[in-house]
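Here's the structure, in structure tokens; my notes come after.
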Amino acid sequence: MELSNRQEQIIEIVKENGPITGESIAEKLSLTRATLRPDLAILTMAGFLDARPRVGYFYTGKTGSELLTEKLKKFKVHEYQSIPIVVEEDVSVYDAIITMFLEDVGTLFVVKEGSLLVGVLSRKDLLRASIGNQDLNSIPVHIIMTRMPNISVCRKDDLLLDAAQQLIEKQIDGLPIVKDVEEGLEVTGRITKTNITKALVELARDEHL
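Number 201 in full-length UniProt numbering belongs to position 201 of the sequence shown; there are no gaps in the numbering.
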């Protein structure tokens with residue numbers, strides 16, 4: 001988070017004199033309390049300062065990078081999820097390739113009975129099936145898909161960092177977001193490298209500070 005000169009001054013004053021009241025900070029800067037109020041609110045919300053009633057402001061001792069890391073560690077999967085792109089288990093490999101191309105995704109989730117997860121299709125799976133003289137219209141995706149229990153999944157309340165760790169460790173493009181139902185795992189969303197990149201960009205732009 002990029003601070004203004006006045007906000008930097010406020011932090012230095014609080015470092016040296018904290019705990020200190022807003023009125024005292026304003027007096028040191030030759031400003032009114034009302035003028036200073038927005039800066040104090042920003043610094044408190046961002047985590048640089050903390051405030052206690054009838055005590056005043058004090059410095060938290062945290063750097064900007066530490067505050068960014070703390071914010072990132074609180075992000076949940078559901079805050080950045082996308083709509084899942086699914087295909088039925090009996091659809092042909094040819095149709096799956098068309099779906100992947102039209103939807104511009106790297107992973108398709110294979111479902112049965114509407115939304116129950118039974119498999120995952122990656123670009124590699126579809127490319128591997130395309131090699132040779134096979135009739136792709138005659139091969140159903142359930143023949144080539146990755147099946148449970150070899151599918152990595154996440155839940156909507158999982159930490160975004162944990163999902164990112166799975167993507168890195170498994171070397172995959174996306175994870176299905178599922179919820180447990182009596183019949184199995186119902187697909188409710190997806191989290192991808194793009195979603196995680198979006199979170200990092202927003203964080204860098206202070207949209208969460």
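Cβ atoms here follow ideal geometry from the backbone N, Cα and C, with glycine treated the same way.
Using a Cβ distance threshold of 8 Å, F109 and V187 count as a contacting pair. Secondary structure at F101: helix, using DSSP grouped into helix, strand and coil.
Excluding its 5 nearest sequence neighbours in each direction, G106 has C-beta neighbours in its own chain below 6 Å: R123, D173, listed in chain order. Ranked by how close their Cα comes to the Cα of K156, the residues G56, K76, E88 have K76 in first place. DSSP links P140 through a beta bridge to S92. The criterion of a C-beta distance shorter than 8 Å is satisfied by H142 and E89. G61 sits exposed, since fewer than 16 C-beta atoms from the chains shown fall within 10 Å of its C-beta.
Relative to the Cα of H78, the nearest Cα in the group L203, V201, I196 belongs to I196.
Residues G56, Y57 of the same chain have their beta carbon placed closer than 8 Å to that of T21, with the five preceding and five following residues left out of the count.
Annotation for I151: L117, G119, V120, P176 place their beta carbon closer than 8 Å to its own, counting only its chain and skipping 5 residues before and after.
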